[in-house]
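Take a look at the structure set out below.
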Amino acid sequence: WVGGIIVALGGALDLIDGGLARKKGLDSKFGAMFDSVADRLQEALVLLGLLIYYSLGDCIDNSVLPFKQLDGFDSCALAQIMTYTAFVGSIMVSYLRSRAEGLGIECKVGIMTRPERVAVISIGLVIAHWVPFVMIMVLILLTVLGLFTTVQRLIHSSRQL
98 WVGGIIVALG GALDLIDGGL ARKKGLDSKF GAMFDSVADR LQEALVLLGL LIYYSLGDCI
158 DNSVLPFKQL DGFDSCALAQ IMTYTAFVGS IMVSYLRSRA EGLGIECKVG IMTRPERVAV
218 ISIGLVIAHW VPFVMIMVLI LLTVLGLFTT VQRLIHSSRQ L
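This is the structure we're talking about:
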């Protein structure tokens, strides 16, 4: 649960730093680029941490899963796959915004942008301390809404071209 608090605090500080830099006249193109790189690294490291955690076999007790009746079900494999697909969704959302902006299109649309991803994963990490299955549900949510946001941004961008 401590990881969730740290991710939430980092996300809150990330929301403040750009505005503060602009207000103080310390903003720059390099600062904006560095901030974007730091954001991607932070997200990648959080998800890498989850992937390592699930790879070490410290997974959810299958008896608490809604689909526990599935013979041979492997909660570790599901957690690993969902962590990877959540990462792909996150990267695609960020990439599409960057690519669209490179083409002169503002592309901040979508249901699962970075602040939402940070909030969802922070809450999931905190709750998962007491209810471990919640983290798999959070990863499924991040995957589905990340891919949905990717489609939203593709449609938005195609209409602007």
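So for the sequence shown, my numbering puts the first residue at 98; every next one is plus one. Glycine included, C-beta positions come from ideal geometry on N, C-alpha and C. Quick caveat: nothing in here was measured; it's all calculated off a predicted structure.
For residue i, count the other beta carbons within 10 Å of its own beta carbon; 16 or more makes it buried, fewer makes it exposed. Which is it?
i	result
residue 151	buried
residue 257	exposed
residue 119	exposed
residue 191	buried
residue 252	exposed
For the putative contact between residue i and residue j, defined by C-beta atoms under 8 Å, what is the C-beta separation to the nearest angstrom?
i	j	result
residue 220	residue 101	7 Å
residue 175	residue 254	About 32 Å; that fails the 8 Å criterion.
residue 173	residue 154	6 Å
residue 239	residue 183	4 Å
residue 111	residue 136	7 Å
Less than 8 Å between the C-beta atoms of residue i and residue j, yes or no?
i	j	result
residue 104	residue 235	no
residue 242	residue 189	no
residue 186	residue 139	no
residue 180	residue 148	yes
residue 204	residue 213	no
residue 286	residue 225	Since the first residue shown for the chain is 98 and the last is 258, residue 286 is missing from the structure and cannot be characterised.
Can you name, in chain order, every residue of its own chain whose Cβ lies under 6 Å from the Cβ of residue i, other than the five neighbours on each side?
i	result
residue 207	246, 249 and 250
residue 227	none
residue 202	254 and 257
Taking 8 Å as the limit between beta carbons, can you name the residues of its chain near residue i, skipping five residues before and five after?
i	result
residue 195	133
residue 129	115
Indicate whether at least one CB of chain D lies closer than 8 Å to the CB of residue i.
i	result
residue 252	Considering every chain present, this structure includes no chain D. It has just one protein chain.
With a threshold of 7 Å on Cβ separation, who are the neighbours of residue i within its own chain once the five nearest residues in sequence on each side are excluded?
i	result
residue 144	180, 183 and 184
residue 177	148, 151 and 152
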